[in-house]
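Mapping to numbering that gives the first Met the number 0: the sequence shown position 92 is 91, numbers consecutive.
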Amino acid sequence: MTTDKLNWLVCGEIWRNSNIPTSYSTATGLSFSFTPFMYGALRLGLQVQTDEYTKGADDYGYEYLYDAPTLRGLSSGGGQKLDFAGRVVEFGYAYRNKRRLSADNLFTVQFGF
C-alpha cells in the first residue's frame, strides 16, 4: 500500500538449499513522511529455521520429531531520516534475536553530503 505520505511493504521468503532443510521468513515495514524533510520507518520480521538440532521435548513438555522448526526469533527496527538543505542525516536501530547466539542490537548513524 502506498500513498503520498505512507508506504507499507509485506514480504515473505522460503529458502530451500540442497543440503539443509527449508527455512521460512516473513517481514513487514512501514515508512512515513512526516514533513518534506523528515521521514521515519518501523520494521518487523520473523524467521523459522529447521536446520538446528532440537532436543526431544521443549521446556513445556511438547515433543518434537526430528527436524523441529526452530524459531529464530523476532527482529525489529526503526529509523529516522532528516534532510537539511541537501545534507542528509539518518539514525537507525535494529534488534535481532538469534536464539542460541544471543541477540544483536545495532545502531547506525549516517551522514550524506
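The beta-carbon is built from N, C-alpha and C at its ideal position, and this holds for glycine as well.
Which term fits Q109, buried or exposed, when burial requires 16 or more other beta carbons within 10 angstroms of its beta carbon? exposed
Residue range of the beta strand (DSSP E) that includes G28: S22 to T34
When the Cα atoms are used, what is the spatial distance from N92 to C10? In the sequence under discussion, the amino acid at residue 92 is Tyr, which differs from the Asn named in the question. If you draw a straight line from the Cα of Y92 to the Cα of C10, it is about 20 angstroms long.
Tell me which residues share the same chain as Y65 and place their Cβ nearer than 6 angstroms to its Cβ, disregarding the 5 neighbours each side in the sequence. In this prediction, Y65 scores a pLDDT of 47, lower than 50, which makes its location untrustworthy; no coordinate-derived value is stated.
Pick from D103, K97, K80 and G111 that is closest to R86, judged by C-alpha positions: G111
Taking the C-alpha atoms as reference points, what is the distance between Y94 and A84? 31 angstroms
Can you name the residues that DSSP bridges to A40? S30 and G78
For T107 and S22, the rounded distance between their alpha carbons: 28 angstroms
Taking the beta carbon of S74 as the centre, do at least 16 other beta carbons fall within 10 Å, making it buried, or is it exposed? buried
Taking 6 angstroms as the limit between beta carbons, can you name the residues of its chain near D82, skipping five residues before and five after? F36
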